[in-house]
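K.L.:
In terms of our numbering, the sequence shown opens at residue 2 and continues consecutively. Virtual Cβ for every residue (Gly too), placed ideally from N, Cα, C. Before I ask anything, let me first share the structure, which is written out below as structure tokens.
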Amino acid sequence: MRVLLVHPFCPLEEIPSPPLGIGYLAAALERAHVEVKVLDLVVFPYSKALLEKVLMEFRPHIIGATAVTMTFNDAIRVITDAKSIDPDITTVMGGPHVSFCAEETLREYPALDLAVIGEGDETVVELTEALENQTDLSRIRGIVYREDSNIHFTEARPPSIDVNTLPFPARHLLPLSRYRALGAPITMTTSRGCPFHCIFCVGRRMVGAKVRYRSARNVVDEFQYLSTLGFRQINVVDDLFTADKKHCIDICDEIIARDIRVKWTSFARADTVSPDLLKKMRQAGCYAIAFGFESSNPDILKTIRKGITATQMTEAVRMCVEADIIPHGSFILGLPGETPQTLKQTIDFEHYLDDMGAMVGSHFLAPFPGTRVREQSEAYGI
Numbered sequence: 002m003r004v005l006l007v008h009p010f011c012p013l014e015e016i017p018s019p020p021l022g023i024g025y026l027a028a029a030l031e032r033a034h035v036e037v038k039v040l041d042l043v044v045f046p047y048s049k050a051l052l053e054k055v056l057m058e059f060r061p062h063i064i065g066a067t068a069v070t071m072t073f074n075d076a077i078r079v080i081t082d083a084k085s086i087d088p089d090i091t092t093v094m095g096g097p098h099v100s101f102c103a104e105e106t107l108r109e110y111p112a113l114d115l116a117v118i119g120e121g122d123e124t125v126v127e128l129t130e131a132l133e134n135q136t137d138l139s140r141i142r143g144i145v146y147r148e149d150s151n152i153h154f155t156e157a158r159p160p161s162i163d164v165n166t167l168p169f170p171a172r173h174l175l176p177l178s179r180y181r182a183l184g185a186p187i188t189m190t191t192s193r194g195c196p197f198h199c200i201f202c203v204g205r206r207m208v209g210a211k212v213r214y215r216s217a218r219n220v221v222d223e224f225q226y227l228s229t230l231g232f233r234q235i236n237v238v239d240d241l242f243t244a245d246k247k248h249c250i251d252i253c254d255e256i257i258a259r260d261i262r263v264k265w266t267s268f269a270r271a272d273t274v275s276p277d278l279l280k281k282m283r284q285a286g287c288y289a290i291a292f293g294f295e296s297s298n299p300d301i302l303k304t305i306r307k308g309i310t311a312t313q314m315t316e317a318v319r320m321c322v323e324a325d326i327i328p329h330g331s332f333i334l335g336l337p338g339e340t341p342q343t344l345k346q347t348i349d350f351e352h353y354l355d356d357m358g359a360m361v362g363s364h365f366l367a368p369f370p371g372t373r374v375r376e377q378s379e380a381y382g383i
């Protein structure tokens, strides 16, 4: 079997990085002895002629695209074009958007044959085997597919993969040199799962509430490999790298023991950092930490179930500055309960943190599919 995986164009001004999810899926398929090719449309401009050339040369049995809401239009365009070029190809889409809009997506876009829901590493392998052997798709957990004029949901697949058994992402299939030329970072994860309940995020529903940790040795084996690839920094993109203090310190100790000298960043919550942890992270090469602060108004913070306070945000920034780590504070404008007064309060607080030495930025609330704020929009008054 041959599978073409598509990383769709992302209409953002941020510097992109090599696709991590696609890399994991490709690695899972390669381990199952499937031939895989990646078409990365972030660093290669898309045209139907390009797609036709790839399809004619590689002749895949399956084309799969991943998509968040912002990339869905580009992803479904590729899927639709692929079906028009080769009507016999099986078309698949995964990712957060289709995971929560599967039925309507399949009904609206007849070119799409299947949707993969949630964590897809095991699902895509089972799907490929079933298509090759022409066995019943209903036995595969975590998919939605069309049969005749009906849409079928199979049994849900819980996010239960042992992350220590996963192969490293198949980065040899990615156009790394193009990302290096852009000055992009390279990314990795040390865990999957998020135990928190923020109403604007789908992370918990996509990868589960229970955090599954990779061992420090397993993490640093990959970290050490990435340090040899010539990227300007490594971004650790776990939903919450500092969720477990011991796990975080074990990773830092392993980096220090191996004398790996590379700049890296991570995400954290204001209530999960401490002076000793930040000191250890700085010794291991971490130079910046991103915090999702969201708002400084206590009522809004309570509404969105953030579980932190403005005092904790200020303290986290202070500790980072003292540890010689750059704190990045991210805020969301337009959350439920936002008024001109709360908006001014948050913007004034951003200026205060900026004066302390933080880098701050804001974006507008996007009620994406799968978020509580979208599904209960009337209750939240938006």
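Could you tell me the distance, in whole angstroms, from the CA atom of Pro368 to the CA atom of Asp260?
P.N.:
Rounded to the nearest angstrom, the two C-alpha atoms are 43 Å apart.
K.L.:
Check each candidate in Ser267, Asp254, Thr67 and Gly371 and name the one with the smallest Cα separation from Met207.
P.N.:
Residue Gly371 is the option with its Cα nearest to Met207.
K.L.:
Nearest-angstrom Cα distance between Glu323 and Pro17?
P.N.:
Computed Cα separation, rounded: 30 Å.
K.L.:
Once you ignore the five residues that flank Tyr381 on each side, which residues in its own chain have a CB closer than 6 Å to its CB?
P.N.:
Taken in chain order, the residues that qualify are Pro337 and Val374.
K.L.:
Please specify which runs of the beta strand (DSSP E), each continuous and at least 3 residues long, are wholly inside the stretch 116-176, giving them in chain order.
P.N.:
Counting only runs of 3 or more, we get 144-148 and 151-154.
K.L.:
Beta-carbon within less than 7 Å of Glu223's beta-carbon, same chain only, minus the 5 sequence neighbours each way: which residues are those?
P.N.:
So the qualifying residues of the chain are Phe169 and Met189.
K.L.:
Counting only the same chain and skipping the five closest in sequence on each side, list residues whose C-beta sits under 7 Å from that of Lys280.
P.N.:
Correct list, in chain order: Ala324.
K.L.:
Measuring only the C-alpha atoms, how far is Arg181 from Asn236?
P.N.:
So the alpha carbons of these two residues sit roughly 14 Å apart.
K.L.:
May I have the straight-line CA-CA distance separating Tyr226 from Pro186, to the nearest angstrom?
P.N.:
Each residue's alpha carbon lies about 14 Å from the other.
K.L.:
Tell me whether Met360 sits in a helix, a strand or coil according to DSSP, three-state version.
P.N.:
Looking at Met360 - three-state DSSP - the assignment turns out to be strand.
K.L.:
Measure the C-alpha to C-alpha separation of Phe201 and Glu53 and round it to an integer number of angstroms.
P.N.:
So the two alpha carbons sit approximately 38 Å from each other.
K.L.:
Would you mind listing the alpha helix (DSSP H) stretches within the stretch 183-270 that are 4+ residues and don't spill past its ends, in chain order?
P.N.:
Correct list: 204-208, 217-227 and 246-258.
K.L.:
How about Gly95 and Val79: are their beta carbons less than 8 Å apart?
P.N.:
Contact flag unset, no.
K.L.:
Report yes if the C-beta distance between Gly24 and Thr67 is below 8 Å; otherwise report no.
P.N.:
Cβ atoms of Gly24 and Thr67: not closer than 8 Å.
K.L.:
Less than 6 Å between C-beta atoms, sequence neighbours within five positions excluded: which residues of the same chain meet that for Arg215?
P.N.:
Closer than 6 Å at Cβ, skipping near neighbours: Val164, Asn165 and Thr191.
K.L.:
Helix, strand or coil: which one does DSSP assign to Pro299?
P.N.:
Pro299 falls in the helix class under three-state DSSP.
K.L.:
What's the call for Glu109, buried or exposed, on a 16-neighbour Cβ count within 10 Å?
P.N.:
Looking at its Cβ environment, which holds fewer than 16 other Cβ atoms inside 10 Å, Glu109 is exposed.
K.L.:
Which of the three DSSP states is assigned to Thr47 in this structure?
P.N.:
The amino acid at residue 47 is misidentified as Thr; the sequence shows Tyr. Reduced to three states, the DSSP call for Tyr47 is coil.
K.L.:
First and last residue of the alpha helix (DSSP H) that includes Ala380?
P.N.:
Taken as a continuous stretch (DSSP letters only), the alpha helix (DSSP H) holding Ala380 covers Ser378 to Tyr381.
K.L.:
Could you have a look at Tyr353 and say whether DSSP puts it in helix, strand or coil?
P.N.:
The answer is helix: DSSP assigns Tyr353 an H, G or I state.
K.L.:
Could you compute how far the alpha carbon of Val93 sits from the alpha carbon of Glu58?
P.N.:
Going by the C-alpha atoms only, they are around 20 Å apart.
K.L.:
My assumption, with CB atoms under 8 Å, is that Thr129 sits in contact with Gly143. Please give the rounded CB distance.
P.N.:
Thr129 to Gly143, Cβ: 14 Å. No contact.
K.L.:
Which residue or residues does DSSP assign as beta-bridge partners of Cys287?
P.N.:
Answer by DSSP bridge pairing, in chain order: Trp265.
K.L.:
When burial is assigned at 16 or more other CB atoms within 10 Å of the CB, is Gln342 buried or exposed?
P.N.:
Exposed, because fewer than 16 other Cβ atoms sit within 10 Å of the Cβ of Gln342.
K.L.:
Taking C-alpha atoms, which residue in Arg283, Ala217 and Gly209 lies nearest to Asp251?
P.N.:
With distances taken between Cα atoms, Asp251 lies closest to Ala217.
K.L.:
Is Ala33 helix, strand or coil by DSSP?
P.N.:
Ala33 falls in the coil class under three-state DSSP.
K.L.:
So for Met2, helix, strand or coil by DSSP?
P.N.:
Residue state, collapsed to three classes: coil.
K.L.:
Is it true that the CB of Phe268 sits closer than 8 Å to the CB of Val238?
P.N.:
Cβ atoms of Val238 and Phe268: closer than 8 Å.
K.L.:
Mind checking which residues open and close the beta strand (DSSP E) that includes Phe332?
P.N.:
First-last of the beta strand (DSSP E) with Phe332: Ile327 to Leu334.
K.L.:
Within the same chain, show all residues whose beta-carbon is closer than 7 Å to that of Phe154, passing over the 5 residues directly before and after it, in chain order.
P.N.:
So the qualifying residues of the chain are Val145.
K.L.:
Using only alpha-carbon positions, find the residue among Val69, Ala103 and Ala112 that is nearest to Asp89.
P.N.:
Comparing Cα positions, the closest option is Ala112.
K.L.:
Name the two residues that bound the continuous alpha helix (DSSP H) containing Ala103.
P.N.:
Per DSSP, Ala103 belongs to the alpha helix (DSSP H) from Ala103 to Glu109.
K.L.:
Pull up the distance between the alpha-carbon of Glu339 and that of Ile326, whole angstroms please.
P.N.:
If I take the Cα positions, the gap works out to 31 Å.
K.L.:
Could you check the C-alpha separation between Val35 and Arg3 for me, to the nearest Å?
P.N.:
About 6 Å.
K.L.:
Would you tell me roughly how many angstroms separate the C-alpha atoms of Ala317 and Gly121, rounded to the nearest one?
P.N.:
If I take the Cα positions, the gap works out to 35 Å.
K.L.:
Are there 16 or more other CB atoms within 10 angstroms of the CB of Asn74, so buried, or fewer, so exposed?
P.N.:
Exposed.
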